[in-house]
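A.B. asks: Attaching a single structure in structure tokens format; questions to follow.
There are 4 protein chains.
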Amino acid sequence: MGLEEYRRSVSEAKRASILKAGRSNFLKNGYSGAGVAEIAREADVSTATLYKHFSSKEVLFAAVVTDAYVADDHPDTPHQTDIEEFFVGLIARYLHLQYDRQINALVRIVIAEVPSAPKLAHDLFENFVGARYRAIEHTIGQLIAAGKLKPHDVHYGARFIAGPVRDHFVWPALFDADARLPDDADDVVRRVVRDYLKLYGARD
Amino acid sequence: MGLEEYRRSVSEAKRASILKAGRSNFLKNGYSGAGVAEIAREADVSTATLYKHFSSKEVLFAAVVTDAYVADDHPDTPHQTDIEEFFVGLIARYLHLQYDRQINALVRIVIAEVPSAPKLAHDLFENFVGARYRAIEHTIGQLIAAGKLKPHDVHYGARFIAGPVRDHFVWPALFDADARLPDDADDVVRRVVRDYLKLYGARD
Amino acid sequence: MGLEEYRRSVSEAKRASILKAGRSNFLKNGYSGAGVAEIAREADVSTATLYKHFSSKEVLFAAVVTDAYVADDHPDTPHQTDIEEFFVGLIARYLHLQYDRQINALVRIVIAEVPSAPKLAHDLFENFVGARYRAIEHTIGQLIAAGKLKPHDVHYGARFIAGPVRDHFVWPALFDADARLPDDADDVVRRVVRDYLKLYGARD
Amino acid sequence: MGLEEYRRSVSEAKRASILKAGRSNFLKNGYSGAGVAEIAREADVSTATLYKHFSSKEVLFAAVVTDAYVADDHPDTPHQTDIEEFFVGLIARYLHLQYDRQINALVRIVIAEVPSAPKLAHDLFENFVGARYRAIEHTIGQLIAAGKLKPHDVHYGARFIAGPVRDHFVWPALFDADARLPDDADDVVRRVVRDYLKLYGARD
DNA sequence: CATGAATGAGTATTCATTCAT
DNA sequence: AATGAATGAATACTCATTCAT
Chain A
1 MGLEEYRRSV
11 SEAKRASILK
21 AGRSNFLKNG
31 YSGAGVAEIA
41 READVSTATL
51 YKHFSSKEVL
61 FAAVVTDAYV
71 ADDHPDTPHQ
81 TDIEEFFVGL
91 IARYLHLQYD
101 RQINALVRIV
111 IAEVPSAPKL
121 AHDLFENFVG
131 ARYRAIEHTI
141 GQLIAAGKLK
151 PHDVHYGARF
161 IAGPVRDHFV
171 WPALFDADAR
181 LPDDADDVVR
191 RVVRDYLKLY
201 GARD
Chain B
1001 MGLEEYRRSV
1011 SEAKRASILK
1021 AGRSNFLKNG
1031 YSGAGVAEIA
1041 READVSTATL
1051 YKHFSSKEVL
1061 FAAVVTDAYV
1071 ADDHPDTPHQ
1081 TDIEEFFVGL
1091 IARYLHLQYD
1101 RQINALVRIV
1111 IAEVPSAPKL
1121 AHDLFENFVG
1131 ARYRAIEHTI
1141 GQLIAAGKLK
1151 PHDVHYGARF
1161 IAGPVRDHFV
1171 WPALFDADAR
1181 LPDDADDVVR
1191 RVVRDYLKLY
1201 GARD
Chain C
2001 MGLEEYRRSV
2011 SEAKRASILK
2021 AGRSNFLKNG
2031 YSGAGVAEIA
2041 READVSTATL
2051 YKHFSSKEVL
2061 FAAVVTDAYV
2071 ADDHPDTPHQ
2081 TDIEEFFVGL
2091 IARYLHLQYD
2101 RQINALVRIV
2111 IAEVPSAPKL
2121 AHDLFENFVG
2131 ARYRAIEHTI
2141 GQLIAAGKLK
2151 PHDVHYGARF
2161 IAGPVRDHFV
2171 WPALFDADAR
2181 LPDDADDVVR
2191 RVVRDYLKLY
2201 GARD
Chain D
3001 MGLEEYRRSV
3011 SEAKRASILK
3021 AGRSNFLKNG
3031 YSGAGVAEIA
3041 READVSTATL
3051 YKHFSSKEVL
3061 FAAVVTDAYV
3071 ADDHPDTPHQ
3081 TDIEEFFVGL
3091 IARYLHLQYD
3101 RQINALVRIV
3111 IAEVPSAPKL
3121 AHDLFENFVG
3131 ARYRAIEHTI
3141 GQLIAAGKLK
3151 PHDVHYGARF
3161 IAGPVRDHFV
3171 WPALFDADAR
3181 LPDDADDVVR
3191 RVVRDYLKLY
3201 GARD
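Structure representation (structure tokens):
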């Protein structure tokens, strides 16, 4: 038991180390630019060990991407009484995560691999981008049911909020590796949410 | 003279042929997936000739991209009296062009090359994506000046219209090479425009 | 003592298990195709244990080969009165053993390793193939002494009988892992023996 | 034309050089032991050039084998009046070629690769080993038709002659890389042929 | 000016063997 | 004595680019 546990802890440490090195290398060099040997060296691990943990470069990259998104999606629906605050908080949180975790850069790489690894891109979109949409849609649905929003198509509503924000802050960042989140980002988010609520808020 | 001219015309024909083959190959395989030898073969030209015209793969790719958006649209702002129809027409035209000319695929590749060719991406964004924003902003500005829209930040306004549309139809297409424009696209565009006009239209 | 004995019996069981797994794996995949890790897994043993028993892949292979022919046949020369029946029985028995025990596959692998393990091949030929020749030669010698065969070189005689049979049924099987012994094999053997006896039988 | 011809001659020289280096390397190291890079170096050629000529290691090996057998099969059926001389000449020629061209060593390698490259072995057996059988069978058929041999199954006849010879001189050589053709080889061939003719020769 | 054969550097992946527990 | 995670060396194949005709 002691032996097994020891082994597992070592193994997991190596796995984490590989993930970290992989992330940094993919971000720096892109998918095809990254080298498995270099990642292994940076992770202080032999290539064979790397392959024990991740059966191919593609699998490693998918793990890096997943790892970046994961633990990200407990928007834990804080039951805030004020709808505006709630939406602003939700969207702003996504936005800051997007920058803090360099998800734009990862998304860039995934997009680059669409022709050669369509499944990876599809899965990313489904599981991560899609998860965020679904969270927003779910919330909208609940608010409609609670009578706090006018009835409307949640699919449309989610994109009506997220679209302008993405156009402001994500879309340009896809074309510029050095893009930084502007200081007024939260203000813009608030403005979008207010406009949305003017149209779809329930009262008067 | 005649001889020289003949030579030049032949040379330009080859250049055009290479560009065309390059475009199709880059679109199909992505940047790193595309092969110079294959492009040369498709263009019915030797690799050496290709290199006479374009000094490297990267230069060729930049030329392909430039060529694609240089030849692009002058949406020539048709002066329509009805504002809704006008906006719907403008946005929908952009949207259809985006799909018809495989601009999503092109954008995908440019995004992929952001780390290695930042200037190219920057230029594309400025000259191409930016041109469209500017066209919308210009129109909004004129309509505000004409009293047909409430005064508001044109930069914000343009993204408020374009964002939801892009979220619906462009964003998913970046992750899926086989994405097709849904039949209801124009309806969604109209709905977005109407929502925008409800908020920013000049009076009831 | 009891403990030591128990340990030894476990150890020998593992050794046997490794040998069995090794044989099956070498037969299926050839020498370089076989994998030590896979053999260990099939034997339900760790690689380290395997290496405790056999210090290298080559040593393991040699053990597999030796084990295969050590356990081999004692064709126990049944004293049959009829010479034709006797020869047919002897040769046919060898032939069926060759197929039943997958000796062709084993021979294939040994032949493959001639450049890297010449001694192994030499020993196999001496002890295994040679043993069969010697059995035939010995029999011929006895029959000549008994006046039942014309005097002739036993070395030549043995190859005169065995050669055609091998050409029919062994030679092709070396080039085809899926070769099966044809139904008419025994008929061919009998025909060869009859032809041999026509030439070298003692008279009428 | 001059240019094309020049290129072709250079190209063919390189091809021949690769084949030669390949042959020597395969003979020395076996199939999996041989290294493409090393072969290229020995041939004074880049690996890419090697791959231009032979699209894979397997293809190169097949070419080496083919090259060894080829030009070997114009047994040009010398219409010799004496049947014994004719058969002895035919069989002895094959036998000497087998040794002179180190075909035994090549055959060893092919046999080694049966599990991993069954098609190669099958083709070798069909096209080369088979070709020799067919040549003998064809001859026997003609001699039967001409009344010079008793009617009998040519398939059986060919193996009845070839088998003992192979058992004497080829079979042992498969297990011993240093095997040399004994001086009395031709005598043994003659003896086998005579025995065959005693049984299947036409007259009296 | 055009050719296409030649280059050689670069890379993902495998596997026999060892070693800390 | 047994484990199995870790090793690192080794290798087939590709591709942007150049150069002799």
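Protein chains in written order, with my numbering: chain A, 1 to 204; chain B, 1001 to 1204; chain C, 2001 to 2204; chain D, 3001 to 3204. All residues carry an ideal CB built from backbone N, CA and C; glycine is no exception. Keep in mind that this is a model prediction, so the values were computed, not measured.
1. Kindly say whether R1190/B, judged by its beta-carbon, lies nearer than 8 angstroms to any beta-carbon of chain A.
2. Among G22/A, F175/A, L181/A and R159/A, whose alpha-carbon lies nearest the alpha-carbon of T47/A?
3. Return the bridge partner residues of G1201/B from the DSSP annotation.
4. Within this structure, are the beta carbons of R1159/B and H152/A separated by less than 8 angstroms?
5. How would you list, in chain order, the residues of chain D whose beta-carbon sits under 7 angstroms from the beta-carbon of G2030/C?
6. Quick check on DSSP: helix, strand or coil for P2164/C?
7. Please identify the residue among A3177/D, I3039/D and V3154/D whose C-alpha is closest to the C-alpha of T3139/D.
8. Pick from E2005/C, S2017/C and G2033/C: whose alpha carbon is nearest that of F2054/C?
9. Which same chain residues end up closer than 6 angstroms to F3087/D when comparing Cβ atoms and leaving out the 5 residues on each side of it in sequence?
10. Which same chain residues, not among the five before or five after R3190/D, have their C-beta less than 8 angstroms away from its C-beta?
11. Taking Cβ positions, are A3132/D and Y3156/D nearer each other than 8 angstroms?
12. Classify Y2200/C: buried if its beta carbon has 16 or more other beta carbons within 10 angstroms, exposed otherwise.
13. Is the stretch 122-136 of chain A close to the stretch 1144-1151 of chain B, with three or more CB pairs under 8 angstroms?
14. Could you check how far apart the C-beta atoms of L1019/B and D1067/B are, in whole angstroms? I think they sit under 8 angstroms.
15. According to DSSP, is A2177/C part of a helix, a strand, or is it coil?
16. Would you be able to state if there are at least three C-beta pairs under 8 angstroms between the stretch 33-44 of chain A and the stretch 89-108 of chain A?
17. Looking only at its own chain, which residues have a Cβ that is under 8 angstroms from the Cβ of N1025/B, when we skip the five neighbours before and after it?
18. Do we get a CB-CB distance below 8 angstroms when we pair A1135/B with the residues of chain A?
19. Can you tell which of V2107/C, P2118/C, S2009/C and P2115/C has its C-alpha closest to the C-alpha of V3114/D?
20. Any C-beta of chain B within less than 8 angstroms: which residues of the stretch 151-171 of chain A qualify?
21. Please name the residue in D3044/D, V3065/D, K3028/D and V3045/D whose C-alpha comes closest to that of N3127/D.
22. Residues of chain B with CB under 9 angstroms from K198/A, in chain order?
23. Starting from the Cα of N2210/C, find the closest Cα among A2105/C, A2063/C, D2195/C and S2009/C and give me that residue.
24. So what does DSSP say about R1041/B, is it helix, strand or coil?
25. Residues of chain B with CB under 7 angstroms from R108/A, in chain order?
26. For Y1006/B, does the count of other Cβ atoms within 10 angstroms reach 16, so buried, or fall short, so exposed?
27. Considering only the beta carbon of each residue, do A3112/D and E3058/D sit closer than 8 angstroms?
28. Using the C-alpha atoms, what's the distance from A1063/B back to V1045/B?
29. In three-state DSSP terms, what is S1055/B?
30. Report all residues from its chain with a CB closer than 7 angstroms to the CB of I109/A; omit the five preceding and five following residues, and keep chain order.
31. Could you spell out the range, first to last residue, of the alpha helix (DSSP H) harbouring F3087/D?
32. Which first and last residues belong to the alpha helix (DSSP H) in which D2123/C is found?
33. Which residues in chain C sit within 7 angstroms of A3177/D, going by Cβ to Cβ distance?
34. Have a look at Y196/A and L50/A and give me their C-alpha separation to the nearest angstrom.
35. Determine the direct distance from the alpha carbon of A2202/C to that of K2150/C, and round the result to whole angstroms.
36. Interface residues of chain A around D1195/B at Cβ under 8 angstroms?
C.D. replies: Per the coordinate set shown:
1. Chain A contact via Cβ: absent.
2. When only C-alpha atoms are compared, the closest one is G22/A.
3. Assignment of beta-bridge partners to G1201/B by DSSP yields L1149/B.
4. No, these two residues do not count as a Cβ contact at 8 angstroms.
5. Simply A3112, P3115 and S3116.
6. For P2164/C, the secondary structure class from DSSP, reduced to helix, strand or coil, is helix.
7. Per the Cα distances, V3154/D.
8. With distances taken between Cα atoms, F2054/C lies closest to S2017/C.
9. Correct list, in chain order: V3193.
10. Answer for R3190/D: E3084 and V3088, listed in chain order.
11. The amino acid at residue 3132/D is misidentified as Ala; the sequence shows Arg. Not a contact, by the Cβ cut-off of 8 angstroms.
12. Buried, because 16 or more other Cβ atoms sit within 10 Å of the Cβ of Y2200/C.
13. Flag = no, the stretch 122-136 of chain A and the stretch 1144-1151 of chain B do not touch.
14. With 8 angstroms as the limit, L1019/B and D1067/B qualify as a contact, their Cβ atoms being about 6 angstroms apart.
15. Annotated three-state conformation of A2177/C is coil, per DSSP.
16. Fewer than three beta-carbon pairs drawn from the stretch 89-108 of chain A and the stretch 33-44 of chain A are found closer than 8 angstroms, and the two stretches are therefore not classed as touching.
17. Excluding sequence positions up to five before and after N1025/B, its CB lies within less than 8 angstroms of the CB of A1034, G1035, E1038, I1039 and E1042, all in the same chain and listed in chain order.
18. No, because no Cβ of chain A sits closer than 8 angstroms to the Cβ of A1135/B.
19. Among V2107/C, P2118/C, S2009/C and P2115/C, the Cα nearest to that of V3114/D belongs to V2107/C.
20. Residues passing the 8 angstroms Cβ filter: Y156, R159, F160, A162, G163, P164, V165, R166, D167, H168 and W171.
21. Residue V3065/D is the option with its Cα nearest to N3127/D.
22. Those within 9 angstroms of K198/A in chain B are K1198 and L1199.
23. As displayed, chain C neither begins before 2001 nor continues past 2204, which places residue 2210/C out of reach and without an answer.
24. If DSSP states are grouped into helix, strand and coil, R1041/B belongs with the helices.
25. Going along chain B in sequence order, the residues near R108/A (Cβ under 7 angstroms) are I1111, A1112 and V1114.
26. Flag for Y1006/B reads exposed.
27. No, the Cβ-Cβ distance between A3112/D and E3058/D is not below 8 angstroms.
28. The C-alpha of V1045/B lies about 17 angstroms from the C-alpha of A1063/B.
29. DSSP places S1055/B in coil when its eight states are reduced to three.
30. Taken in chain order, the residues that qualify are F26, G30 and Y31.
31. Going by DSSP, F3087/D is part of the alpha helix (DSSP H) stretching over I3083 to D3100.
32. P2118 to L2124 is the extent of the alpha helix (DSSP H) around D2123/C.
33. Residues of chain C passing the Cβ test: V2114, P2115 and P2118.
34. So the alpha carbons of these two residues sit roughly 48 angstroms apart.
35. Between K2150/C and A2202/C, the alpha-carbon positions lie close to 5 angstroms from each other.
36. Chain order gives the chain A residues near D1195/B as F160 and L199, where near means a beta carbon separation below 8 angstroms.
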